[in-house]
Structure formats: C-alpha cells, structure tokens
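Here the structure is laid out as structure tokens; the discussion comes afterwards.
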Amino acid sequence: MGVKLERIVKTYYDNLEQGKITARKCKDCGAIEWPPLLACNTCGSTEMEWIEIEAKGKMLQFVMSSPITRRPEMEDIKPYVLAVVQIDEGPAVNAMVRGITRKNKKLIESKLPYPVHATIVPRDGYSTVIFDIDEVEE
Amino acid sequence: MDPKNNINQTTLHPYSRSVSIIGVGCTPFMYTLDNPETAGLTEGELFGYAALKAMEDAGVTPKDVEYYFHGQASPFNGSNYITPNLQVSEWFGMRGKGSIHHSEACCTGYLALEQAVNAVASGKYNVVLSGCVEMGDAIADIDKPAHFRKKFDDALFQESLKWIYDRAYTRAMMCGPNLHQDDGAAWYKQTYGLTDEEMDDTLLSMACNSRRSAAKNPLALARKTYEEMAREAGYENTLEFMKENFPKMTGNLRAPGLELKCDGAAAFIVCPTEMASQFTSKKPIEVLGIGNATREANQPHVELYGTLEATRQVYELTGVKPEEIDLLMTNDFFITSQLIAAECSGYLPKGEGWKYFIEGRTSYDGDKPINTNGGRCSFGHAHAASGVADIYEAVLQMRGEAGEHQINKLPKTTFIRGFGGAQNLAAIILRTKE
C-alpha cells in the first residue's frame, strides 16, 4: 500500500495504442483523474486504480481556431475548435473538438452544453484523444 | 462557476514581521536592437541599472543589501545562461553576496516580490534586492560576447512558448496552449451574454485606454495613441479605424490587444517596515499579503479560477475589502486579462466591468485606473521584468511620483494580479504606510 513508482504516462499512451482510454480512480473517494496522475487531487489519496473510461461528455465552451492558434501539425484534424469538455466520468479538460464549422457554429452555440464523444487519433509516433460532436440535430 | 474547480485551498498565515518596499528602479522598455544608442545592451547592464536605481531610490548602497533575487523567464533561450543570477552578479557592487535565480515565465516578476518579502519577513535578512531582466526582443548570439544580439523573431518565439506546457498530456492534446488567448473572452461572453461586437469594442477600448496612459509615460514602448493614429488616417471614429486596420488574430483579439514583446529590467528593495526610516524619508509601501495559486493549462479556465483562489487568500489574510482598492495592476499579455482580473478582484462589478472600459474609465485619468503604465500591449512586455515594472508603477503612483500619468486620486491601496507560465497566479495587496 501507499504510493508506488510506476510509469503512468507510458501506460496511458500504450493503452491508447490498444484502443482503450484509461484513467485512474481514487479508491478512497471515488474521484477520477483523467488524464491519469499519481495521486488524487480531490482527497489527496495515493490509493489509485486503473479503469477504462468511455469519455463521452459535454462541450461547455468553444472558440474557433484562428490565425495565431493554427498549427501546421494540426492540419490533418481540421476543422476543429478549441473547447472545454467535461466527460461523464467527471473530469473537465481543455480539448480539441471536431465537427463545428462556420456554418453550424451558431446552432451549436445555442445548444451548449453540446454532447461529444472521445476519439483516439494517431499522431507522430503516439496517439492522443480528441472529441467529435454527436450528430447535429437541426 | 463550479466551486469544485478550486477544491484545494490554502489559508495564509500572517508574516512574522511587516515588510515594505522602499526603493524601485526600472529601465525603459524597448527594442534595444532598433536604436543605435541601445543596440548591444546586455543583461548585466539592464539588471545592474535597475538594481542600482532601486538602491539609489531606497537610500541604500550595495554594501547595505544583504541578498538578492534574480528573475528571468527564459534565461537559456534569451541569454544562453542557466545560472543567470551569477552572470549579472558582478555588475552592481555586490560581488560575493548570496543570490538565487527563479523563473515562472510571465509571473516571475510578481513572484520576485513573494521571494523577497518572505526572506525579510522570516528574519533572515533585513535589506533585500529583487529584480528581473528579460531580453525578449534581442536574444543572445551565443558564440560571441554578450553585446552581440539577434532579433527574437516570432517563429522562434512561438517555438519557445511550447516550453511552458506540460509534455505528459497537455501538448499532446493540442488545446490548452492554443485556447488560452481566447478563453477569458469566450467565458465572459457566454456567462454574461455579450455579443461578439460588444466584446470587440471592450477589448479595443481597453487598448485605447492603456495607450493613452502609455503616451504619458516616458518609459513606455508604444506612446502614440490610437486616437491620434485614427485622426491621421482620416477616421473620426477610433474603434472603426482599429477594426478596419487590425484584423482579428484570435477569435476575439486584434493586434492592439496582444503584447509587445521587448527588452527591459526592473528591481526593488524591501526591508522591515520599522527600519524604513533609517534609509529613506519616503513613505514605505507595505506588502500586506500575497495570495498564490497554480493551475496547469490542460485545466479549464486556468486564469479565472487561479485568480479567484489567489484573490480569496489575500483578502482573507489582510481583511482588505475590494472597495478599498484604488489602483489595479495586472499582467495583460492578452488584454482581456484586465477584465478578468478586475472582476475577480472585485475592483469592477461582475458582469458590468466591460462597460467601464468602453466608457474610458480605466485610463490614468479615469475613476477606475488599471495598468497606468500602459500594460503589456503599450508599455511593453519584457516577460519576467514586466511584473516588477508593475510594482515599480504602483509604488510611483502611491507616492504621487508618476508625473504626467499620475492618477487623479492618490492611491493608498493597490491590488496587483500576477499571471503567467501556464499558469502561476498571484494576488498582491500593497498599502502606503502612514
């Protein structure tokens, strides 16, 4: 028992390669850390266990990409927005969300918080998690 | 706002003894390479000048100063140093005395005060120098002597910005480092129902107000007002001129709302308040308290929640009420931060603050002055040094020594909101000791 030295970052990315999004759940208070960390930020416990999560959630806020926020290395995933996403398991993060264009922006904005789901996308030598919006309802 | 976002809170304890600022010094903020008279200035000359001006102002000599803190946001990139406190240590008469370097990106200058006050409040030292320098526009030409510099171009700057962000997850998730420019404005619009046009007018008005302050400040980098530029271009309406000539660079910000990265240094001297009169006849500026918070850029609304927590701490410690604040200084490398800091600190009313900017009330001659030196978008942003430059400005204003940009009511209490490094937050309250 007690804190254990382990490769949390490597395990997370290895799991993504297997198509699994994983997090760490506090055995004491039940809070979930995603992306996974060593200790619980809610109660401070070091008793954490690995769990697989679905990472469906809600987009709470978004901004369109712009001249100084676009990056050449992100070309393959456009169009995207920069968003605040809260997943159903609890954690909220800043994350990329696909599926919003100039055309449907106002509609999506009017329906915030908008449902989204996680997608694992390949990068250069590793994979990461972004989100896609659920189907747009007119 | 979800209060769970500030689940880990700290209660501050009173300082073991009262500490005051008794001297300040600051260089002009400048593009050193663009002027034949300043091209080739080095870290030692800039830091040394600011340090010695602060000592002169405090009525102390290098022999009186017992220790110094050195801050620089990016010493390896800008100066090719990893122990930059040593590299300037010979330049201001303190050879051999102890020092330490610290680096918290754009919050460095505010935490320079944290470090110095703690060192004196603990009783270890009586007279401490704290200063910061940044060559934000003229970086080292590394195989040549220090006066050989080269322009820190935007491509290299953007590359270096990555170093602020976590490599475990944040960079890979690609959002936090790119969202922060717009997060405050997007949150504010959504929370208080502002239109895009209202936010645009607010941010441009902020830039106009700050530039009017900078126009009166001899140390400021950009001193031509937007009103003057508009008139010269044949426009009667300044905001119309700005909208037509400065396209949006982010979802909300145009160039007048983005920092002017430059070179500069600033420093101050602190001592126990009860000893101040031994050195100077000027009223000491007491540091009542400093709140701190740190939030990583993958977390939502870093600036907002971090500012709220740091602010909560310092109000709880000091018992000061928001209505007692006479002057607000804040890091505004994205000018939206003026609005976020003003409302989080209670200096402007929640959801209403944006109107004060549009009405021009936040310039040096308004009734709610903010960033009276001109702020990062007009005074200039020499990253680490800028926080100390804010402290320099606050002290000048509180003494009534700010000259042409002196605010109408002599401020007795100043709130300083530090922010930077994706992100460290600090909330500082200064009060003139009568």
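In order, the protein sequences belong to chains A and B.
The first sequence begins at 1 in my numbering and counts up one residue at a time.
The second sequence begins at 1001 in my numbering and counts up one residue at a time.
No residue lacks a Cβ here, since even glycine has one placed at the ideal position from N, Cα and C.
Counting only runs that start and end within the stretch 1112 to 1197 of chain B, where is the alpha helix (DSSP H) found for 4 or more residues in a row? 1154 to 1161, 1170 to 1173 and 1176 to 1192
Hey, B:L1221 and B:C1262 are a contact pair by Cβ (cut 8 Å); roughly how many whole angstroms apart? 5 Å
Cβ of B:Y1226 less than 8 Å from any chain D Cβ? In summary, chain D is missing from the structure at hand, where the protein chains are A and B.
Going by Cα to Cα distance, which pick from B:A1186, B:K1355 and B:V1117 is closest to A:L82? B:A1186
Let me know the secondary structure DSSP gives B:N1077 once reduced to three states. helix
If you run the structure through DSSP and keep just helix, strand and coil, what is A:E33? strand
Using a Cβ-Cβ distance cut-off of 8 Å, determine whether B:N1292 contacts chain A. no
Given 8 Å, three or more beta-carbon pairs between the stretch 1257 to 1272 of chain B and the stretch 1128 to 1139 of chain B: yes
Through-space distance from B:L1161 to B:A1172, alpha-carbon basis: 15 Å
For the stretch 64 to 80 of chain A, list every residue whose C-beta sits within 9 Å of some C-beta in chain B, in sequence order. M64, S65, S66, P67, I68, T69, R70, R71, E73, M74, I77 and Y80
Alpha carbon to alpha carbon, what distance is there between B:E1045 and B:S1089? 11 Å
Applying the criterion that 16 or more other CB atoms from any shown protein chain within 10 Å of the CB defines a buried residue, is A:E52 buried or exposed? exposed
Using the three-state DSSP reduction, which class does B:F1092 fall into: helix, strand or coil? coil
Tell me where the alpha helix (DSSP H) around B:P1272 begins and ends. Segment D1263 to P1272 is the beta strand (DSSP E) holding B:P1272; no alpha helix (DSSP H) there.
Can you give me the C-alpha to C-alpha distance between B:R1016 and B:A1215, rounded to a whole angstrom? Contrary to the premise, residue 1016 of chain B reads as Ser rather than Arg in this sequence. Approximately 41 Å between the Cα atoms of the pair.
Just verifying my parser: in three-state terms, what is the DSSP assignment at B:I1370? strand
Residue range of the beta strand (DSSP E) that includes A:V84: Y80 to I87
By a C-beta neighbour count over all protein chains shown, 10 Å radius and 16 as the cutoff for buried, is B:C1107 buried or exposed? buried
Taking beta-carbon pairs under 9 Å, can you tell me which members of the stretch 1344 to 1371 of chain B lie near chain A? none
Which residues mark the beginning and the end of the alpha helix (DSSP H) in which B:C1344 is found? S1337 to C1344
I'd like the list of long-range same chain contacts for B:T1170, defined as Cβ closer than 6 Å, with 5 residues on each side in sequence excluded. G1176, A1297 and N1298
Going by C-alpha to C-alpha distance, which of B:Y1188, B:Y1192 and B:S1210 sits closest to B:I1407? B:S1210
On the premise that A:I77 lies in contact with A:I130, defined as a C-beta separation below 8 Å, what is that separation, rounded to the nearest angstrom? 6 Å
7 Å Cβ shell around B:Q1115 - same chain, five flanking residues per side excluded: F1069, H1102 and S1130
On the criterion of 16 or more Cβ atoms from any shown chain inside 10 Å, does B:A1384 qualify as buried, or is it exposed? buried
Could you give the distance in angstroms between the alpha-carbon of A:G44 and the alpha-carbon of B:Q1423? 21 Å
Flag this pair as yes or no: are the beta carbons of B:D1326 and B:K1409 separated by less than 8 Å? yes
Three-state secondary structure (DSSP) at A:N15? helix
To the nearest whole angstrom, what separates the beta carbons of B:R1431 and B:K1282, a pair I think is in contact under 8 Å? That pair is no contact at about 15 Å.
Give a yes or no on whether 8 Å exceeds the smallest Cβ distance from B:M1001 to chain A. Model confidence at B:M1001 stands at a pLDDT of 47, short of 50, so the residue's coordinates are unreliable and nothing is read from them.
Please check if any C-beta of chain B sits within less than 8 Å of the C-beta of A:G41. Per the sequence shown, the amino acid found at residue 41 of chain A is Asn instead of Gly. Yes, because at least one Cβ of chain B sits closer than 8 Å to the Cβ of A:N41.
May I ask you to report which of helix, strand or coil DSSP gives B:A1427? strand
In chain order, what residues of the same chain have a beta carbon less than 8 Å from the beta carbon of B:G1093, not counting five sequence neighbours either side? L1052, T1061, P1062 and K1063
Taking 8 Å as the cut-off, decide whether the C-beta atoms of B:A1382 and B:E1134 are in contact. yes
Have a look at A:E47, A:G30, A:R24 and A:D28 and flag the residue whose alpha-carbon is nearest the alpha-carbon of A:P36. A:R24
Counting C-beta neighbours from all protein chains within 10 Å, is the total for B:S1277 16 or more, i.e. buried, or is it exposed? exposed
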